[in-house]
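K.L.:
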Amino acid sequence: MFASLVEEVGELGREINNIERYKIKREAQTSALDVEIGDVLFSLICIANYFKIDMEDAFLKTLEKYTKRDSQRWTPKKR
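Taking UniProt numbering, the leading residue of the sequence shown gets 1, the next gets one more, and so forth.
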């Protein structure tokens with residue numbers, strides 16, 4: 001399962017590199033960013049299901065963590 005996730009993240013990286021023009025892929029290779037993101041998400045869901053992790057709960061915990069961490073991060077500094 002983890003190897004599948006790593007493979008999908010690699011494919012996502014190649015697609016982003018193509019879009020950002022870091023490395024242009026050959027014409028015969030066609031893909032779309034949304035499909036690659038979907039593949040990564042599917043792999044993550046498979047791993048979560050295997051380990052009986054509630055994805056919604058995990059995501060809400062992550063949102064809370066980032067909200068607390070970044071609460072003052074993007075506010076303008078007073079002069």
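All residues carry an ideal CB built from backbone N, CA and C; glycine is no exception. Since we're looking at a predicted model, the values are computed, not measured.
Is the beta carbon of GLU36 closer than 8 Å to that of GLU64?
P.N.:
Along the sequence shown, one-based indexing puts residue 64 at 64. Along the sequence shown, one-based indexing puts residue 36 at 36. Contact: no.
K.L.:
In chain order, what residues of the same chain lie with their CB nearer than 7 Å to the CB of VAL9, ignoring the 5 residues before and after it?
P.N.:
As a first step, residue 9 must be located in the sequence shown, where it is residue number 9. Here the set comprises VAL40.
K.L.:
Would you decide whether ALA28 is buried or exposed? Buried here means 16 or more other CB atoms lie within 10 Å of its CB.
P.N.:
If you number the sequence shown from 1, residue 28 lands on position 28. Any reading at ALA28 is ruled out, since the residue's pLDDT is 47, under 50, leaving its predicted position unreliable.
K.L.:
Can you list, in chain order, the residues of its chain with a C-beta nearer than 6 Å to that of LEU5? Leave out the 5 residues immediately preceding and following it.
P.N.:
As a first step, residue 5 is located in the sequence shown; it is residue number 5 there, counting from the start. Closer than 6 Å at Cβ, skipping near neighbours: SER43.
K.L.:
Measuring straight from C-alpha to C-alpha, what distance separates GLU7 and ASN49?
P.N.:
In the sequence shown, counting from the first residue as 1, residue 7 sits at position 7. In the sequence shown, counting from the first residue as 1, residue 49 sits at position 49. Their backbone Cα atoms lie some 19 Å apart in a straight line.
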